[in-house]
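A short worksheet on the structure shown next.
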Amino acid sequence: MTTRKSHKARGANFETDLRDYFRRIGFDSERLARRGSKDEGDIVVRKDFLGHIGIIEAKAPGQSGRIDLSGWTKEAQVEARNYSEARGLKETSILPAVVIKARGKGIADSYLVLRLGDVFDR
Numbered sequence: 103m104t105t106r107k108s109h110k111a112r113g114a115n116f117e118t119d120l121r122d123y124f125r126r127i128g129f130d131s132e133r134l135a136r137r138g139s140k141d142e143g144d145i146v147v148r149k150d151f152l153g154h155i156g157i158i159e160a161k162a163p164g165q166s167g168r169i170d171l172s173g174w175t176k177e178a179q180v181e182a183r184n185y186s187e188a189r190g191l192k193e194t195s196i197l198p199a200v201v202i203k204a205r206g207k208g209i210a211d212s213y214l215v216l217r218l219g220d221v222f223d224r
């Protein structure tokens, strides 16, 4: 049986692995501190994440395998807005994204989810 503590640990480990992956491939990235209702995402990828600053919502679904693309992309959008507002940046300079861990696979096999409008309607 998994506990809330093990879920949090799995998520934190995935965030660290993801940050390290981005760094390995040449991106300046950091894990972001939790801010409750003003949360700003899990990871920021600064400079040229598809031409923007990337705000990543990292998800490691675990055994249930439940995936909520609609909910997670909305969460990423809200957190990207929080990030831009806290720093006085244009919202259009921020690209919200969700990265979902592929169960039993390495970090490079994770899924990157973007909304078309977030990429092309800017």
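To convert, take the position in the sequence shown, counting from 1, and add 102; that gives the numbering used here.
For every residue, glycine included, the Cβ atom is placed at its ideal position computed from N, Cα and C.
Treat the numbers as computed from the prediction; the structure is a model and nothing was measured.
- Assigned exposure category for residue 192 - 16 Cβ within 10 Å defines buried: exposed
- Taking just the CA atoms, how far does residue 127 sit from residue 209? 12 Å
- Query: Around the C-beta of residue 135, are 16 or more other C-beta atoms found within 10 angstroms, so that it is buried, or is it exposed?
  - Reply: exposed
- Item | Assigned exposure category for residue 221 - 16 Cβ within 10 Å defines buried | exposed
- Query: Is residue 132 helix, strand or coil when you go by DSSP?
  - Reply: strand
- Query: With distances taken from CA atoms, which of 160, 149, 131, 130 is nearest residue 213?
  - Reply: 160
- May I ask you to report which of helix, strand or coil DSSP gives residue 223? coil
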